[in-house]
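S.K.:
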Amino acid sequence: MSTVYSKKEKAKAITQILEELYPITPIPLQHRDPYTLLVSVLLSAQCTDKRVNKVTPALFEMADTPQKMVEVAVADIKAIIHPCGLSPRKSQAISDLSHLLIEKHNGEVPASFEALEALPGVGHKTASVVMSQAFGVPAFPVDTHIHRLAWRWGLSTGKNVVKTEADLKALFPKSLWNKLHLQIIFFGREYCPARSHNPFNCPICSVYGRKSYLKEAGKK
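Mapped onto my numbering, the consecutive letters of the sequence shown carry residue numbers 1 to 220.
Pasting the structure below:
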C-alpha cells in the first residue's frame, strides 16, 4: 500500500528536494535594473525566457530607461520584439507604461504591487516577479508551469493561478517564496515538463504525485 502524505509533509519534502537540486537560483531573464526586468517579464508572457533574452539586448541597446523608451516609436519597438509574440499589444504596453512611469513615478519602477498592477500590460504575476526579483519583497509568482506542477504534486486543487498561489503561500514559509518559485520553474523544465512526462521517473511525482495523476499515467 502506498504512503499517503499530507500537503504539509509533501511541501517539506519537496522543499528539501528542490534545495538539493537547485541551491542557487539565478534569475532567468537577463536585465540590468527594475525597469529592464519589468519589460523583460512583460515580454515573457506566452513566450520562453530564452527567446526574450535573445530579443532584449537589441531593445535595451535602443532604449533601456523610460525616458529613452518614450522617444521610440511603437512600431520600432514592435519590430524588435516581434519574435516574442503578441507584439502589437506588448509594444504598446511598453510605450504606455514608460510614459506612466515618468508621469506618476519620476521615471522609477514603483516597489508596490498596487502601483505595478496599475501599469499597462502588468498583471499580478508580472508584478510579483518584479517585487520578488527586483525588490526582494516576498511574493510567489505563479505561471501556468507552477500551476501545473502544484496540481500534479497534490499541493493545490486550484482551477486557476489565483487559487494555486493562495494554496502555495499557505503551505510554504514566506521566507522561501522568492527562491522556491524559481526552483519549481527550474525543476519543471528539467524533470517535469508539460508534455511527454513520465511521472514514475520524476524525483517528485514518483513519490509525492497526485494519486489520480499517477493512476492515469499508469494506463498509458
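Ideal Cβ positions, reconstructed from N, Cα and C, are used throughout, including at glycine.
#1: Can you find at least 3 beta carbon pairs, one from the stretch 58 to 65 and one from the stretch 32 to 45, that sit closer than 8 Å?
#2: Going by DSSP, what residue range makes up the alpha helix (DSSP H) through R89?
#3: For the stretch 42 to 82, list the alpha helix (DSSP H) runs that are entirely contained and at least 4 residues long, ordered along the chain.
#4: Could you check which residue in S156, I77, E165 has the C-alpha nearest to that of A265?
#5: Specify, as a first and last residue, the run of the alpha helix (DSSP H) that R195 falls within.
#6: Do L168 and V142 have their beta-carbon atoms positioned less than 8 Å apart in this structure?
#7: May I ask you to report which of helix, strand or coil DSSP gives A134?
#8: Taking contact to mean at least 3 C-beta pairs separated by less than 8 Å, is the stretch 168 to 177 in contact with the stretch 7 to 19?
#9: Quick one, which of V109, S206, R195, G121 has its alpha-carbon nearest R32's?
#10: Use the C-beta contact count for T157: other C-beta atoms within 10 angstroms, 16 or more gives buried, fewer gives exposed.
#11: So, with DSSP's three-state summary, where would you put T25?
#12: For Q183, count the other beta carbons within 10 Å of its own beta carbon; 16 or more makes it buried, fewer makes it exposed. Which is it?
#13: What are the boundary residues of the alpha helix (DSSP H) that includes A217?
#14: From what residue to what residue does the alpha helix (DSSP H) around A166 run?
#15: Give a yes or no on contact between the stretch 117 to 125 and the stretch 80 to 100, applying the rule of three or more CB pairs nearer than 8 Å.
#16: Can you tell me where the alpha helix (DSSP H) with H145 in it begins and where it stops?
#17: So, with DSSP's three-state summary, where would you put A127?
M.R.: The relevant details are as follows:
#1: Judged by Cβ distances under 8 Å, the stretch 58 to 65 makes contact with the stretch 32 to 45, as three or more pairs qualify.
#2: Taking the first residue of the sequence shown as position 1, residue 89 is located at position 89. Per DSSP, the unbroken alpha helix (DSSP H) holding R89 starts and ends at 87 to 105.
#3: With a minimum length of 4 residues, the continuous alpha helix (DSSP H) runs that stay inside the stretch 42 to 82 are 49 to 62, 66 to 69, 74 to 81.
#4: Outside the modelled stretch of the chain, which goes from 1 to 220, sits residue 265, for which no answer is possible.
#5: Within the sequence shown, residue 195 is the residue found at index 195, counting from 1. Per DSSP, R195 is not a residue of any alpha helix (DSSP H), being assigned neither H nor E.
#6: Along the sequence shown, read from residue 1 onward, the residue named residue 142 stands at position 142. Along the sequence shown, read from residue 1 onward, the residue named residue 168 stands at position 168. Yes. Within cutoff.
#7: Position 134 of the sequence shown holds residue 134. The answer is coil: DSSP assigns A134 none of H, G, I, E or B.
#8: Touching, per the Cβ criterion.
#9: For the purposes of this step, residue 32 is taken as the residue at position 32 of the sequence shown. It is V109 whose Cα lies nearest to the Cα of R32.
#10: Looking up residue 157 in the sequence shown gives position 157. With fewer than 16 other Cβ atoms within 10 Å, it is exposed.
#11: To locate residue 25, count along the sequence shown from 1; it is residue 25. The three-state reading of DSSP puts T25 in coil, since its state is none of H, G, I, E or B.
#12: Within the sequence shown, residue 183 is the residue found at index 183, counting from 1. Counting other Cβ atoms within 10 Å of its Cβ, Q183 reaches 16 or more and is therefore classed as buried.
#13: Here residue 217 refers to the residue found at position 217 of the sequence shown. Per DSSP, A217 belongs to the alpha helix (DSSP H) from 211 to 218.
#14: For the purposes of this step, residue 166 is identified with residue 166 of the sequence shown, where counting begins at 1. Note, A166: alpha helix (DSSP H), 161 to 171.
#15: Touching, yes, given that three or more Cβ pairs across the two stretches are closer than 8 Å.
#16: In the sequence shown, the residue the question calls residue 145 occupies position 145. H145 -> alpha helix (DSSP H) spans 144 to 152.
#17: On the sequence shown, residue 127 is found 127 positions in, with the first residue counted as 1. In this structure, A127 counts as helix in the three-state DSSP scheme.
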